[in-house]
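Q: As given, the protein sequences belong to chains W and S, one line each in that order.
Residue numbering for the first sequence follows this note's numbering, beginning at 87 and increasing consecutively.
Residue numbering for the second sequence follows this note's numbering, beginning at 87 and increasing consecutively.
The beta carbon of each residue, even a glycine, is placed where N, CA and C say it ideally should be.
Keep in mind it's a predicted model, so treat the numbers as computed, not measured.
Protein chains: 2
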Amino acid sequence: MGKTAENGPLANEPGDSLGRKKGQLHAEAAGKLRSMILSGELPPGERLREVQLCEQLGVSRTPVREALRTIAAEGLVDLLPNRSVVVSELHAPDLEHLFVVFGAIEGIAAELACQKITEAEIGEIGRLLAEMIDFHTRKERAPYMQINQKIHQRTVEIAANPVLHTVWQSLVPRVERARALANLDTGRWTGALFEHTKMFTALASRDGQLLAKLTREHFLNSLPFLQSRLENDD
Amino acid sequence: MGKTAENGPLANEPGDSLGRKKGQLHAEAAGKLRSMILSGELPPGERLREVQLCEQLGVSRTPVREALRTIAAEGLVDLLPNRSVVVSELHAPDLEHLFVVFGAIEGIAAELACQKITEAEIGEIGRLLAEMIDFHTRKERAPYMQINQKIHQRTVEIAANPVLHTVWQSLVPRVERARALANLDTGRWTGALFEHTKMFTALASRDGQLLAKLTREHFLNSLPFLQSRLENDD
DNA sequence: AACACCAGTCTTGTATACAAGAATTGATTT
DNA sequence: AAATCAATTCTTGTATACAAGACTGGTGTT
Chain W
87 MGKTAENGPL ANEPGDSLGR KKGQLHAEAA GKLRSMILSG ELPPGERLRE VQLCEQLGVS
147 RTPVREALRT IAAEGLVDLL PNRSVVVSEL HAPDLEHLFV VFGAIEGIAA ELACQKITEA
207 EIGEIGRLLA EMIDFHTRKE RAPYMQINQK IHQRTVEIAA NPVLHTVWQS LVPRVERARA
267 LANLDTGRWT GALFEHTKMF TALASRDGQL LAKLTREHFL NSLPFLQSRL ENDD
Chain S
87 MGKTAENGPL ANEPGDSLGR KKGQLHAEAA GKLRSMILSG ELPPGERLRE VQLCEQLGVS
147 RTPVREALRT IAAEGLVDLL PNRSVVVSEL HAPDLEHLFV VFGAIEGIAA ELACQKITEA
207 EIGEIGRLLA EMIDFHTRKE RAPYMQINQK IHQRTVEIAA NPVLHTVWQS LVPRVERARA
267 LANLDTGRWT GALFEHTKMF TALASRDGQL LAKLTREHFL NSLPFLQSRL ENDD
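#1: Report the rounded CA-to-CA distance for ILE219 of chain W versus GLU127 of chain W, giving the unit in angstroms.
#2: Please list the residues of the stretch 160-181 of chain S that have a C-beta atom closer than 7 Å to any C-beta atom in chain W, keeping them in chain order.
#3: Verify the CB distance criterion: does THR241 of chain W have a CB-CB separation below 8 Å to chain S?
#4: For HIS183 of chain S and chain W, any beta-carbon pair shorter than 8 Å?
#5: Are at least three pairs of beta-carbons, each pair with one atom in the stretch 169-177 of chain W and one in the stretch 154-170 of chain S, less than 8 Å apart?
#6: Can you tell me whether ASP180 of chain W is helix, strand or coil according to DSSP?
#7: Considering only C-alpha positions, which residue in the set S:LEU296, S:SER308, S:ALA298 is nearest to THR272 of chain S?
#8: When the Cα of ARG260 of chain S is compared with those of S:TYR230, S:ILE211, S:ILE208, S:GLU160, which residue comes out closest?
#9: Any beta carbon from chain W within less than 8 Å of PRO248 of chain S's own beta carbon?
#10: How should HIS238 of chain S be labelled, buried or exposed, when 16 other C-beta atoms within 10 angstroms of its C-beta is the threshold for buried?
#11: Under a three-way DSSP split, which group does ASP271 of chain W fall into?
#12: Which of helix, strand or coil does DSSP assign to VAL145 of chain W?
#13: Under three-state DSSP, which class holds ARG302 of chain S?
#14: GLU152 of chain S versus chain W: which residues are under 8 Å apart at the beta carbon?
#15: For THR148 of chain S, I'd like the list of residues in its chain whose CB is within less than 6 Å of its CB, leaving aside the five on either flank, ordered along the chain.
#16: What are the residues of the stretch 187-206 of chain W that lie near chain S, defined by any Cβ-Cβ distance shorter than 7 Å?
#17: Determine contact between the stretch 181-190 of chain S and the stretch 202-220 of chain S, defined as no fewer than three beta-carbon pairs at a distance below 8 Å.
#18: Could one say the Cβ of GLN295 of chain S lies closer than 8 Å to chain W's Cβ atoms, at least one of them?
#19: Please tell me whether GLN110 of chain W has its Cβ less than 8 Å away from any Cβ of chain S.
#20: Name the chain S residues whose beta carbon is nearer than 8 Å to that of THR252 of chain W?
#21: Return the first residue and the last residue of the alpha helix (DSSP H) that ASP220 of chain S is part of.
#22: Please go through the same chain and pick out, in chain order, the residues whose beta-carbon is closer than 7 Å to the beta-carbon of ILE244 of chain S, but skip the five residues on each side of it.
#23: Would DSSP call LEU124 of chain S helix, strand or coil?
#24: Work out the CA separation of VAL145 of chain S and MET285 of chain W for me, nearest whole Å.
#25: Helix or strand or just coil, what does DSSP make of LEU162 of chain S?
#26: Distance, Cα to Cα, THR252 of chain W vs VAL258 of chain W?
#27: Take LEU139 of chain S and list the residues in its own chain whose beta-carbon comes closer than 6 Å to its own, dropping the five residues that flank it on each side.
#28: What's the gap between the Cα of VAL249 of chain W and the Cα of ASP180 of chain S?
#29: Comparing alpha-carbon positions, which option in S:HIS112, S:ASN234, S:VAL242 lies nearest THR156 of chain S?
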């Protein structure tokens, strides 16, 4: 009977050389679910049955349910009362709303970051950008996206405004999901990279006004690619 | 021993004339916890023990834990791994962070509202402003605050961006609490009112840039009054 | 043949039991 | 007397059991 959680992918074996912390299965489950949704493995509209997720994640329903609450608050899934939870849809009009707001948020972050950034941090971002360019030339999309995300995250951290950080965090999963789609277009991918280099120049010279403007444009430029892609799929 | 959930405050009595649906205790618990935190009943830094919350809310640990995950994703509490959940802090320095972000959010709302507002809506806001001025001259602060809040809310609604609306709603309770304090100062009260009239002029002439600027300033001007007041209390 | 109704099944919602990780207190040692 | 360690207690993390609400398929009636 109880064969559920003994050796699932999240279970940490005794000989786990990574020294992974135990506990917090719900956090790990939330992470897993996030990436499953962002990767498209769980497409929009998909009904998520709890027991099925339990089997896939190798944990019981309790952490799965808690994880679902977490990602529901992040807007990745919708909770239907007494019915299955479903992966939330990404409609084209909603996307414009999201990107307008998110661009503005990152714009504020950009301005604040320019005021507060240190030389060491400029160097750090520069190294990340170099890595990202590298992955782009090698056409390795997954690592590229990871570094891209890291640059945006570090910028918000450097802005050093916890309220801003919280708001940003609440929006970023949805944006991340959309961005994953957008960069499937190779032309936009290169364009986005070019914009990033311009943004770095503005950051390095601490031109907050310019960086904010570039940041807002960066998001608005991605929008049409996303929207056209959404129209095809859904 | 099982006396926990039979008659807690969340249990819906048979004679409940509201016809409230059963189930969804976790959602109700989340709502209760939200208002307890926003009202200050659960002050920042407070350690939340699950069983204690269970007794207060009259439910078992399962919905309480799910509710905690929800409001944690909203940033109201911090989840310490294997330790108690604590209400997230917000002191005087944080207040500046809050107002910078909130001012920017309302600034975006202002710009969007200027693009979309109808003549009828301009009239509506104008009437609200007139009412507010009336309450100010009569020194009736509570109704003044209510109208004030209504004007800001209508502006965000007119902006017609659901993402923006959600973000705004997540921040407004904290701002509202702070604003209640700030207007205790009569000088600032009059100043705020004057700013509101200028903001209305900008809105009526659909000058989004100007309105956004005035809005941001409106919040920044309130800040010093609040901060001095917080230093005394906490 | 179409519709309504009922039973069986599936899925979620909640409570509780159990285990493991922290914190605390008291005793023992130096 | 102070510090350290051990044992108790407290708290969180996870699994499972049970109940109640939705879905599905089939049967009977019109």
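A: This is what the structure gives:
#1: 27 Å
#2: GLU160, GLY161, PRO167, ASN168, ASP180
#3: no
#4: yes
#5: no
#6: helix
#7: S:SER308
#8: S:GLU160
#9: yes
#10: buried
#11: coil
#12: coil
#13: helix
#14: ARG151, GLU152, ARG155
#15: none
#16: VAL187, ALA190, ILE194
#17: no
#18: no
#19: yes
#20: GLY161
#21: 205-223
#22: ALA199, LYS202, ILE203, GLU207
#23: helix
#24: 51 Å
#25: coil
#26: 10 Å
#27: VAL150
#28: 8 Å
#29: S:HIS112
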